[in-house]
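> The structure under discussion is supplied below as structure tokens; questions concerning it will follow.
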Amino acid sequence: MSSASLTQREASLADFPPVPETRAGFWYIGVIAAAAWFTAAIVIGGMPDIDDFERTDMLSHIAAALAGLLLVLAIGERLFRFTIPAKLRGIGPWLLFLAAALTAWELVTAKYPLLPRPFFASPQALLEVFTDDYPRLGDSVWNSVRLLAGGYVIGAAAGFALGVAIGWSRAIGYWAHPVLRLIGPLPATAWLPIAFFAFPSSHSASTFLIALATGFPVTVLTWSGVAGVNKAFYDVARTMGASQRFLVLKVAIPAAMPSVFVGLFMGLGASFSVLVVAEMMGVKSGLGWYLQWAQGWAAYANMYAALLVMALMCTGLITLLFRLRDRLLAWQKGLVQW
Amino acid sequence: MVSSNLAEQHGAVGASIDVHDVSHRFDLDGRTLPVLNRVSLRIQSGELVSLLGPSGCGKSTLLRLVAGLETPTVGRIEADGETITRPDPSRVVMFQDPTLYPWRTVKANVSLGLEARGLLRRQGHRVDEALKLVGLAHFASAYPHQLSGGMAQRVSLARALVNDPKLLLLDEPLGKLDSMTRMTMQQELVSLWQRTGFTSLLVTHDVEEALFMSNRVIVLSDRPAAIKADIAVDLPFPRHRGDPRLAELRREILGLLGLDADW
């Protein structure tokens, strides 16, 4: 056997023939969804309101515009041979459902007095909050994100460093483990009275609480990730002359990253709840405060609007985290899609 | 030939290994488990020696001691006259599992040894040479989960060779491959060893593999392992699997292992 055998099996991924492109058929769901949105627009704009609502026409126009856009896309795709993004096609049934839901909601709150007001706000009342109170809402989002980001980054960084240290060093583990076991499971909100008393400002107290809530899961999962690294990975690096520093930075940490991201995800969830509680209890800004404030004025539409914005903010931040993970852990198989 | 210049260029010379009366034991929950019992062994520079023995007899432990990953409880091991106290890049291990880092591409995995010693910038071209040597140059940017078992083990081989080892320690590296891939890789390892001149210690439980590949076969007893026999395989390379002399030696070794009855 000559050395040729060592090179004979070279092949490349480019050897495979290209897959022919297939065109999707006419977007029927898109047309049906357009009809549903058009119906919603007629119901909203055509039927008389039971009260003075400021934004009925605007809501009707938005629904009509959406209907028109869907219709243009579905018909235009056939006529001008462009391609609707698969993602948009995929949400067709959801667009249909949302139109139906909006119509039903409109009917029971704005057209017929079926649900007790003001607890059940009409769609146009919500729209009015967004059009009239957006400066205050926007300001609240900005303050919430700023407070959250400060606490989260501090907590995540400290948790990561502590987790690596506990996972790597027996001595640090010996002292840190019992403390972590005692303090960690305590809900961060339990510290609230002490924190607001001990810190100079409610902002710094809240930052501390958010960092605490984030830090615990990040620490535990980083530690578990580092402790769970395949020992053979260290053997391989050691036989090739790796230093301790190399073993930590280039072996332990990258191997632990999938687990670290689980910790970051759990920490983010925990930080949301601390954020809202802190804003309701002491911080005079942010979405939590807005909710509290709206409730004080019995402005239920504002509450629902703030809840909706809060949900969008939270899901947006989690999406951001998952995008980051997808970039960093592209080498992993079978990632959960958010 | 492109594929053979890696070692010639860097002039690897095989290390000679002396195992002096080594005994080793593990401490498991307060109990001691003896694994090696007074093993003495001399491996000449450039030899390919197989350690053959029943499963769990301690042959992999002996290999880990030679690698410097552990220190023997009693006795000492020397490489070129110097006592082995810790791992060294001149003695590289290829394990039964490829143990590639899943977060690194094939190329970055092969770069590992050079990177760990800060040589990557100056000697990075050796990474490509090693990949070419094992026939995976086109897969440089693939991730380990995209490779088959045989390909992963080739990458593991390239990762070892890039360090220009004087001693290549093979810990059942072909044990988990399918039989056809295994036979091909046995031939490739032998031809590589012949061309480069490193010393090699192969741990295996496959009698045919040991006979096909090595100059000498060391037969070990059950745990704690002691050397039962040191059999020279006096045949030139490349060998033929059907050689009657190999069959004869095979019968002898199976006899030593107490397996001749069902042969």
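The listed protein sequences derive, respectively, from chains A and B.
Using the numbering used here, the first residue of the first sequence is number 1215, and each one after it goes up by one.
Using the numbering used here, the first residue of the second sequence is number 5, and each one after it goes up by one.
Positions of the beta carbon are idealized from the N, C-alpha and C atoms, including for glycine.
Here's the rule: buried if 16 or more other CB atoms are within 10 angstroms of the residue's CB, otherwise exposed. What is B/Met184?
By the neighbour-count rule (16 or more Cβ atoms within 10 Å), B/Met184 is not buried but exposed.
> For A/Met1495, return the contacting residues in chain B, with the cut-off set at a CB-CB distance below 9 Å.
Chain B residues near A/Met1495: none, gap ~42 Å exceeds 9 Å.
> Go ahead and label A/Pro1332 buried or exposed: buried means 16 or more other beta carbons lie within 10 angstroms of its beta carbon, across all protein chains shown.
exposed
> DSSP on A/Val1355, reduced to helix/strand/coil?
helix
> Strictly below 7 Å CB to CB, what residues from chain B border A/Trp1545?
Pro106, Trp107, Tyr147
> So does the region 1435-1454 of chain A actually touch the region 1406-1418 of chain A, counting three or more Cβ pairs closer than 8 Å?
no
> Run through DSSP, which three-state label would B/Met155 get?
Helix, per DSSP.
> Helix, strand or coil: which one does DSSP assign to A/Asp1346?
For A/Asp1346, the three-state secondary structure derived from DSSP is helix.
> Answer with buried or exposed for A/Tyr1366, where buried requires no fewer than 16 other C-beta atoms within 10 angstroms of its C-beta.
Buried: at least 16 other Cβ atoms inside 10 Å.
> Residues of chain A with CB closer than 8 Å to the CB of B/Val97, please, in chain order.
Asp1449, Val1450, Thr1453
> Under 8 Å between beta-carbons, which chain A residues line up against B/Asp238? List them in chain order, please.
Ordered by position in chain A, no residue passes the 8 Å Cβ test against B/Asp238, which lies about 20 Å from the chain.
> Should A/Ala1515 be labelled buried (16 or more other beta-carbon atoms within 10 Å of its own) or exposed?
buried
> Can you list, in chain order, the residues of its chain with a C-beta nearer than 6 Å to that of B/Asn236? Leave out the 5 residues immediately preceding and following it.
Going by the sequence as given, residue 236 of chain B is Ala instead of Asn. Arg220.
> Quick check: B/Arg95 and B/Ala71, are their CB atoms within less than 8 Å of each other?
yes
> For B/Ser7, count neighbouring C-beta atoms within 10 Å of its own C-beta (all shown protein chains included) and say buried if the count is 16 or more, exposed if not.
Only weak support is given to the placement of B/Ser7: the predicted model assigns it a pLDDT of 41, under 50, and the value that follows is read from those uncertain coordinates. So B/Ser7 ends up on the buried side.
> Helix, strand or coil for A/Ala1540, going by three-state DSSP, please let me know.
It is worth fixing the name first, because residue 1540 of chain A is Asp in this sequence and not Ala. Here A/Asp1540 sits in helix by DSSP.
> List, in chain order, every chain A residue whose beta-carbon is nearer than 8 Å to that of B/Pro177.
Counting only Cβ-Cβ distances below 8 Å, B/Pro177 has no contacts in chain A at all, with the closest Cβ about 13 Å away.
> Whose CA, out of A/Ile1264, A/Ser1415, A/Leu1316, lies closest to the CA of A/Ala1247?
The candidate whose alpha carbon is nearest that of A/Ala1247 is A/Leu1316.
> Do you know how far the Cα of A/Gln1546 is from the Cα of A/Met1480?
20 Å
> Roughly how many angstroms lie between the CA atoms of B/Glu176 and A/Gly1377, to the nearest whole one?
35 Å
> So if I threshold CB-CB distances at 7 Å, which residues from the region 220-252 of chain B count as touching chain A?
Pro242
> Is the beta carbon of B/Gly62 less than 8 Å from the beta carbon of B/Pro228?
Going by C-beta atoms, B/Gly62 is nearer than 8 Å to B/Pro228.
> Ignore the nearest five residues each way along the sequence and tell me which others in A/Phe1430's own chain have a CB closer than 6 Å to its CB.
Gly1398
> What does A/Phe1479 reach in chain B if we use C-beta pairs closer than 7 Å?
Within 7 Å Cβ-Cβ: nothing; A/Phe1479 doesn't reach chain B, min ~19 Å.
> From the DSSP output, in three-state form, read off A/Phe1422 for me.
A/Phe1422 falls in the helix class under three-state DSSP.
> When the Cα atoms are used, what is the spatial distance from A/Trp1511 to A/Leu1505?
10 Å
> In angstroms, rounded to a whole number, what distance separates the CA positions of B/Leu206 and A/Ala1484?
Roughly 53 Å between the two C-alpha positions.
> If you draw a straight line from the alpha carbon of B/Glu51 to that of B/Phe202, how long is it in whole angstroms?
8 Å
> So, helix, strand or coil for B/Asp31, using DSSP?
strand
> Show which residues of chain A have a CB atom less than 7 Å away from the CB atom of B/Arg121.
In chain order: Gly1455.
> Hey, could you find the ends of the beta strand (DSSP E) B/Thr203 is sitting in?
203-208
> Any beta carbon of chain A sitting closer than 8 Å to that of B/Pro93?
yes
> Suppose you measure from the CA of B/Gly128 to the CA of A/Gly1352; what does that come to, to the nearest Å?
52 Å
> Closest to A/Leu1527 by CA distance: which of A/Leu1328, A/Ser1358, A/Gly1260 is it?
The amino acid occupying residue 1527 of chain A in the given sequence is Met; Leu does not appear at that position. Nearest of A/Leu1328, A/Ser1358, A/Gly1260 to A/Met1527, Cα basis: A/Ser1358.
> For B/Pro38, list the residues DSSP reports as bridge partners.
B/Arg29
> Compile a chain-ordered list of the residues in the region 111-145 of chain B whose CB is closer than 9 Å to at least one CB of chain A.
Leu116, Gly117, Leu118, Glu119, Ala120, Arg121, Lys136, Leu137, Val138, Gly139, Leu140, Ala141, His142, Phe143
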